[in-house]
Amino acid sequence: MAVIDDLAEQSGGMTDELFGQRISLMADGGRTDQAITELRGHPSVDTRCGTRLLAVMLEQAGRLDEAIAVLRPMHVDGANATDLARLLILQDRVGDAVTVLEDARERR
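Numbering-wise (UniProt numbering), the sequence shown opens with residue 1 and increments by one.
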């Protein structure tokens, strides 16, 4: 992580790409809760990519309900709809998953 922080300092600030790599490194190093906390406080969490990354981190932490809640408002996007449907299926909510996918298809 120090390398990423150094790169951010040298390039004039933490880009969303560097931040995403930093978050992934934290999670890979067993610091998933810290990664989730930092991600929730970062402006990129309001973007499609940030939302998906947060949902992945929450899923890795076994917090499926929270991951679903994060993705639900953004499920109009095809990729997020697929991610949301997958999480719903993991909770044996197949009917809800089908509805999410049908809604996303209709909005295209």
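All C-beta atoms, glycine included, are put in the ideal place defined by N, C-alpha and C.
- Task: Check residue 86 in the structure and name its three-state DSSP category.
- Result: Indexing the sequence shown from 1 puts residue 86 at position 86. DSSP, read as helix, strand or coil, puts residue 86 in helix.
- Item | Terminal residues of the alpha helix (DSSP H) in which residue 35 lies | Residue 35 sits at position 35 when you count from the first residue of the sequence shown. Note, residue 35: alpha helix (DSSP H), 32-40.
- Query: If we ignore side chains and look at the alpha-carbon of each, how far apart do residue 89 and residue 12 end up?
  - Reply: Residue numbering aside, residue 89 sits at position 89 when the sequence shown is read from its first letter. Residue numbering aside, residue 12 sits at position 12 when the sequence shown is read from its first letter. Rounded to the nearest angstrom, the two C-alpha atoms are 43 Å apart.
- Query: Taking buried to mean at least 16 other C-beta atoms within 10 Å of its own C-beta, is residue 30 buried or exposed?
  - Reply: In the sequence shown, residue 30 corresponds to position 30, counting from 1. The residue in question, residue 30, is exposed, as its Cβ has fewer than 16 Cβ neighbours within 10 Å.
- Query: Around the Cβ of residue 59, are there at least 16 other Cβ atoms within 10 angstroms (buried) or fewer (exposed)?
  - Reply: In the sequence shown, residue 59 corresponds to position 59, counting from 1. Burial call: buried.
- Task: Spatial neighbours of residue 74 within its chain, please: CB distance less than 6 Å, with the 5 preceding and 5 following residues excluded, ordered by chain position.
- Result: Taking the sequence shown and counting its residues from 1, the one referred to as residue 74 is at position 74. Within the same chain, Cβ atoms closer than 6 Å to the Cβ of residue 74 are found at 51, 80, the five residues on either side in sequence being excluded.
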